[in-house]
Every structure is written in structure tokens, then in C-alpha cells.
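The next block holds one structure in the form of C-alpha cells; read it before the comments.
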Amino acid sequence: MSLAQRLSALMRWRGIKSQNQLARISGVPQSCIHRILNRGDHYWPDRRTVLRLAKALDTSAVWLTDGVAPASGPGDRAAPPHVLQDAAQPGDGYCTEICALLRSRPDATKKQVLTVVRILLDGRPAS
15 MSLAQRLSAL MRWRGIKSQN QLARISGVPQ SCIHRILNRG DHYWPDRRTV
65 LRLAKALDTS AVWLTDGVAP ASGPGDRAAP PHVLQDAAQP GDGYCTEICA
115 LLRSRPDATK KQVLTVVRIL LDGRPAS
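Residues in the sequence shown are numbered consecutively from 15, following this note's numbering.
So this is what it looks like as C-alpha cells:
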């Protein structure tokens with residue numbers, strides 16, 4: 015399985031519906047994502063790009079590039095074992111994008127966002 019195939023499978027599994035959405039989440043230009051997906055083995059992105067994509071897709075760079083689960087260590091994540099089998103069952107791309115946006119924000123900001131979401135959904139503030 016190639017980098018392009020693993021990237022495509024993870025996008026589907028995470029519910030990311032477009033290259034533009036992955037570009038917003040990862041900070042990688044859409045044109046670069048397009049090259050990875052369409053040129054297959056004829057294009058190889060730099061390490062920084064792979065790291066950004068892996069972080070956005072909540073996996074490890076080693077799994078994304080080589081399909082190999084890294085040795086366990088802090089922060090090492092492989093793709094869930096069912097990613098390739100369940101790639102046809104997409105997740106929610108909106109949740110993936112929201113999580114990516116909030117990942118580096120302080121807890122106070124996350125709490126405020128959660129309060130706003132609860133108000134929007136329930137019409138009342140959280141207790």
C-alpha cells in the first residue's frame with residue numbers, strides 16, 4: 015500500500031471529504047495533498063509535510079509513510095487496525111476539523127467553545 019492509498023484511507027476514515035478540508039486542518043497546501051494523492055509513488059513530500067499530515071490525521075508519520083506501526087513511545091500513534099477495512103464508513107469531518115483547530119488552544123478556550131456548542135444545541139448554558 016502506498017502513501018497515497020494510506021492518506022486516502024485515513025481521510026475517508028476520519029470523515030475528511032476534500033483535499034481543501036485536509037489542507038485547512040493540517041496547514042499543508044492543497045496542491046501538495048493533490049500531488050501526493052494523484053502522483054502516487056512519483057511524488058514524495060518532505061518530512062515536515064508528512065508530520066503535519068500525520069498530526070492532522072491523528073496517526074504517526076511512520077505509519078503514514080511506511081504502513082508500519084512505530085515502537086511504542088509517548089505520542090506514537092499508528093492508524094487504528096480497522097482503518098483500511100472500514101475506510102468506506104466515514105467519520106465526521108466536521109469533528110475532525112474542530113478537534114484540529116482546538117488541539118493547541120488552552121483549556122479555557124476549549125471550555126468556552128463547548129459552552130457555545132451546548133447553547134446552540136440545547137438553547138441553554140451548561141451547568
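We put the beta carbon where it would ideally sit given N, CA and C, even for glycine.
Note that the structure is a prediction, hence the values are computed from the model and not measured.
Distance check between residue 67 and each of 57, 79 and 56 places 79 closest, using alpha-carbon atoms only.
Here residue 58 is exposed, its C-beta having fewer than 16 other C-beta atoms within 10 Å.
Taking a 10 Å sphere around the C-beta of residue 69, we find 16 or more other C-beta atoms and assign the residue as buried.
In the structure shown, the three-state DSSP call for residue 15 is coil. Residues 59 and 63 of the same chain have their beta carbon placed closer than 7 angstroms to that of residue 46, with the five preceding and five following residues left out of the count.
Annotated three-state conformation of residue 40 is helix, per DSSP. Contact between residue 44 and residue 33 holds, with the beta-carbon distance rounding to 5 angstroms and staying under 8 angstroms.
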